[in-house]
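Chains as they are written, first to last, in the numbering used here: chain A, 8 to 928; chain B, 116 to 229.
Just below is one structure, and these are the notes that go with it.
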Amino acid sequence: MPVSDPQQTPAPEARRASTWRRYLRFWGPHAASDVDDELRFHLEMRERDYLVRGLSPIDAHTAALRRLGNLDSARTACIGIITRRERRMARAEMLDVLRQDAKFALRTLGRHKAWTAVAVFTLALGIGANTAMFSVVEGVLWHSLRYPNADRLVFVVRMPKQDLGNDRVFVSPSTSVARAWRESARSFLDITAYSTRDVLLRARNATVAESSQAGTEAGATLVHAGIIMSDFLQFAGGRPLVGRGFTATEAHEHAHVAMISEAMWRGRFAGSRRVVGRSIAIDDSLYTVIGVMPESVRLPRTFGAPDGTDVWLPRDLSDDSTFSPTVVGRLRRGVTLKAAATQLDSIAARAERASETAPAGRAARATKAAPLQYSTQLLRPEQLVTIHDSLMLLTGAVSLVLLIACVNVAHLLLARAATRDREMAVRAALGASRRRLLRQLVTESLVLAGAGCAAGIGVAWLALDALTALRPASMVALADVRLDATAFMIAVAISVATGIVFGVVGVLHGGRYSAHDALKGGARSVSQTAGQRRTRSALVVSEMALSATLVVGAALLVRSLVNLQSTDPGFRPDGLYSVSIPMVQTTQDAMERRTHVLEDLEQRVRLMPGVQDAVIADAAPPNQSFYEGALQFEGHAPPPPGSTSFFSYNGTEPNYFRLMGLRIVKGTTFTDTSKAAGQVVVNEAMARKGWPGQSAIGRRLRIVNDDGSGNWRTVVGVVANARLAGMTSDPTEPMVFVASAEHFNPTLLVRTTGLTQPIIALRRAAVELNRGMAQPDVRSVSDAMSASLAEPRFTMLLLAMFSVLALVLAAVGLYGVMAYSVEQRTREIGIRMALGASRQDVARTVLRHGVSLALVGGAIGLVGAFWATRLLTRMLYGVAHTDAVSFGAGALVLLGTAVLACLVPARRAVSIDPAIAMRTE
Amino acid sequence: MADPTTEFLKGTLDLMILKTLSWAPAHGYGIARWIERCTDDVLEVEEGSLYPALHKLEDEGLITAEWGITEHNRRAKFYRLTPAGKRRLAASHAYWSRFAGAVSKVLETAPASA
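Laid out in structure tokens, this is it:
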């Protein structure tokens, strides 16, 4: 059979189908229709074949179909293969395009190295500083406690209802009240209590007897102990690494069992799993180790609690007056602080009425309790961190820096955008779609942001290192802080957004660029529109304003710190040392023993060469001792019950004032230290309080206890006000000094003149007398006083650094604007110079332009600062928040920076050759 | 389809397609007709397996496809061999020869009669 060509005449319906298919194909390749076409072609060819062989059209069609068989699975298989391939290709193409764009972006950025460097540097500074600061805040304030549901954690304290003038006086609840809370408080999921103490841990092999003979250096170290209840582990959401926690029975019986910290387990017991059952000697007894506490379980860092707990001992709330518990609880969901506090108040009132005891004072170093009226307060953990305010301030400041950095970047992008009109126009003319151009710009911004982020991480790392190195001692938590990913992400997100918005918007502003115009004009004559110029000026002005605010804030803090450091504390801390012996046991015996030791030490120290004098008092600066009671002044009515307060009280000996360098302004020091004589010395503030306008000498006052008792005492002298509680303390706090040989918590004060290595000498003397007891605590009072400046100094330093950062960034922004402006007006300047303008005139014009921008921004910033520095008031000492000197200094610094920023553009303007300038387009 | 010829055909379809295309580019129907003509219609090409095989080969990069116009103005997808396809063809052909030779030997060798 001749095989003739079956393709002579296409069937009419086939032609119609192919037209439709052709139409569809206009919209791009489509897997399904392609496969269908192919199969249809095959089918038609088969049909033709059969037709040629003589079958009728219908038979041919049927035969062909039968021949082809079930094509569904084939069709699906083919479509599947094609689709998968197309997807692979699309992905590869996209990656390719991205890679191309990125390479192009890098090349473009590389062409303007200076610009890119400034942009990346700016971004890095903003991102890095912010990440570091936020990580610090996060670590110190919010995540210092890794307890479950830490956001519902509150501390329960009692605060006196009366306003005592002191900032915050907290008192622990009594154990009976705490017990009542645990039983009845419905608003809490759970409540537990703990306290801390320092205990003597004896060396491994030394027995108790041996180490007390050998002396403390040989045998014992003072370690931190956490006294916890049996449910504490569960409260903290932790589990013992080895062994178990305390049972309720053990807690109730104060059994001699202990948990050791992970650090001690690894160190002293070499991580052996057979540590359970071993004994350790704490104080004078043997304790059995029953478990190991993981490092992740910590006591909250509050109330001056020590950093890190070494051993854990069990206790419960059965009545024990030496256990002043810190009560902490977890609120139920939906319960407000106020509601919970009210409930706790009523429970406490009932409990107190039942037991007729008042809360044990914890802040007070007093022995007598007084009927102070207390209310219950709930505090969130972060409120108890003393540096909270400073950190908040610094966070605000660093956010401003980020803002300025973003403004700068926006600025840089706009500046460059103006010169790219031509490039964009050319590319559009060559066929790039708008989407392509947009994608290119976005990629550029992303590459820039990526470089900024990478550099930002480095900056954040360095910044965190620096912050940790500079930290004041009170910020122990800072040692643990790590870079926080969230903060980084936020900073990055802001920067990327800025980059994209300004990078894209700047170039494709409305897309109204006309290729024709852009191509015809030369690159130079692509001038800014008025709108663009206004935007850029506005940006610079805003930068200047923000910087001005920061600079003023920093100036205020600097002045405040200088004030603090040069303030006369009212006594002489130099050469003054304090020796105290931390209490290990609070038994009567131990306390008496300690007093004896100190008295002996006083005698011995007085005989040491280089020591001028020594005295025992209740506290050494910057610590203070308080009395909880009511004061009654002669000639005034007795204080009504319930009006007790805390007042500063120091029991000491006659030579105290001379030793301390406190100036006696009236009268004398104690002449008779007997109890019967009841002599007291008051400071000026107390004298003015009790007998305003009169002499206090010979007057009497009375310290009233809870039972109404209290002897009248006679004022024999008045001393000048002094900052005995630290450099930042209020010297106008009324103080009473009582002639007393009885001390609740005695401290030895030593005035030395030229004693070499006083701390070591004093400590050696103390240890010799104090065998078997804890290491004495010898401090230099002047060091302690300047340490109280550590926090303000830290805050000031950081704020100063941030304001310098802000100034630098703002200066760069100003420089950019001025440089561009000069470049734009080259021709105009050239003409002016040709017409006779002198170099000074030209320079002056440039400077005037720049400085006026800075002045406008500065003025706005200063006005803003007027309002903003109100937030600083609590941190300022001796300086008003509207201090003129600081504001003036801020303005001057800003002006100076502006002038500096304008110098280079001015010089460039001056060096324009008029002839060349006029010829340029 | 327990027909032994069909089974063999499936495994060697790729080889035959590649060989067919080595003479000249062709569309799917053309490949089928060529194979049928070569074998005098002994081998009937299953369209259900031909097209998936073609697309698979294209996916592997052994052949490329292009829509073109036949001599009589019909639109069809033409396949052509790539250099990789040529290499694969040579290898498969060699393997097939060895395989076929081995099978023949088995079929022809009789046990040695003692």
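Don't be surprised by glycine CBs; every beta carbon is placed ideally from N, CA and C.
Here the structure is a predicted model, which means the values were calculated and not measured.
Presumed contact (8 Å Cβ cut-off) between residue i and residue j, rounded CB distance
{"i": "Val466/A", "j": "Leu132/A", "result": "6 Å"}
{"i": "Ser587/A", "j": "Asp784/A", "result": "5 Å"}
{"i": "Leu320/A", "j": "Ala232/A", "result": "6 Å"}
{"i": "Met140/A", "j": "Leu401/A", "result": "6 Å"}
{"i": "Leu477/A", "j": "Val788/A", "result": "Between Val788/A and Leu477/A the Cβ distance is about 24 Å, and since that is not below 8 Å, they are no contact."}
{"i": "Asp620/A", "j": "Asn570/A", "result": "Actually they are not in contact, since the Cβ atoms of Asp620/A and Asn570/A sit about 31 Å apart, beyond 8 Å."}
{"i": "Phe688/A", "j": "Gly642/A", "result": "The amino acid at residue 688/A is misidentified as Phe; the sequence shows Val. The Cβ separation is near 19 Å, so there is no contact."}
C-beta neighbour in chain A for residue i, strict 8 Å
{"i": "Ala199/B", "result": "no"}
{"i": "Arg195/B", "result": "no"}
{"i": "Lys232/B", "result": "Residue 232/B lies beyond the range of chain B shown here (116 to 229); nothing can be said about it."}
{"i": "Arg203/B", "result": "no"}
{"i": "Ala191/B", "result": "yes"}
{"i": "Glu162/B", "result": "yes"}
{"i": "Gly176/B", "result": "no"}
{"i": "Gly183/B", "result": "no"}
{"i": "Tyr144/B", "result": "yes"}
{"i": "Pro140/B", "result": "no"}
{"i": "Pro167/B", "result": "yes"}
Environment of residue i [buried if 16+ CB atoms lie within 10 Å]
{"i": "Ala678/A", "result": "This sequence places Thr at residue 678/A; Ala is not what is there. Label assigned to Thr678/A: exposed."}
{"i": "Phe48/A", "result": "buried"}
{"i": "His142/B", "result": "buried"}
{"i": "Thr223/A", "result": "With a pLDDT of 41 at Thr223/A, under the threshold of 50, the modelled position of that residue is not reliable, and no figure is offered here."}
{"i": "Gly463/A", "result": "buried"}
{"i": "Phe214/B", "result": "exposed"}
{"i": "Ala187/A", "result": "buried"}
{"i": "Gly61/A", "result": "exposed"}
{"i": "Val161/A", "result": "buried"}
{"i": "Met667/A", "result": "buried"}
{"i": "Asp920/A", "result": "exposed"}
{"i": "Gln631/A", "result": "buried"}
{"i": "Ala492/A", "result": "exposed"}
{"i": "Lys345/A", "result": "exposed"}
{"i": "Tyr294/A", "result": "buried"}
Where the beta strand (DSSP E) containing residue i begins and where it ends
{"i": "Ser191/A", "result": "Per DSSP, Ser191/A belongs to no beta strand (DSSP E); it is in the alpha helix (DSSP H), 182 to 191."}
{"i": "Asn690/A", "result": "686 to 690"}
{"i": "Trp719/A", "result": "719 to 726"}
Residues that DSSP places opposite residue i in a beta bridge
{"i": "Ser937/A", "result": "Residue 937/A lies beyond the stretch modelled for chain A, which goes from 8 to 928, so this question has no answer here."}
{"i": "Gly231/B", "result": "For chain B, the structure presents residues 116 to 229; residue 231/B sits outside this window and is missing."}
{"i": "Ala637/A", "result": "Val711/A"}
{"i": "Gln610/A", "result": "According to DSSP, Gln610/A bridges with nothing at all."}
Endpoints, the alpha helix (DSSP H) within which residue i is located
{"i": "Tyr144/B", "result": "143 to 153"}
{"i": "Asp472/A", "result": "441 to 477"}
{"i": "Gly274/A", "result": "269 to 275"}
{"i": "Phe195/A", "result": "Taken as a continuous stretch (DSSP letters only), Phe195/A belongs to no alpha helix (DSSP H), being part of the beta strand (DSSP E) at 195 to 209."}
{"i": "Pro321/A", "result": "From DSSP, Pro321/A is part of no alpha helix (DSSP H) but of the beta strand (DSSP E) over 318 to 321."}
{"i": "Gly138/A", "result": "Residue 138/A is actually Thr in this sequence, not Gly. 120 to 144 is the extent of the alpha helix (DSSP H) around Thr138/A."}
{"i": "Gln831/A", "result": "797 to 831"}
{"i": "Gln847/A", "result": "846 to 875"}
{"i": "Leu169/B", "result": "162 to 174"}
{"i": "Asp66/A", "result": "64 to 75"}
{"i": "Ile767/A", "result": "765 to 776"}
Residue-level contact to chain B via CB, residue i, 8 Å cutoff
{"i": "Ala81/A", "result": "yes"}
{"i": "Ile89/A", "result": "yes"}
{"i": "His68/A", "result": "no"}
{"i": "Arg47/A", "result": "no"}
{"i": "Cys413/A", "result": "no"}
{"i": "Cys85/A", "result": "yes"}
{"i": "Gly76/A", "result": "yes"}
{"i": "Met52/A", "result": "yes"}
{"i": "Arg92/A", "result": "yes"}
Tell me which residues of the stretch 340 to 353 of chain A have at least one Cβ-Cβ distance to chain D shorter than 9 Å, keeping chain order. This model lacks chain D altogether; the protein chains it does include are A and B.
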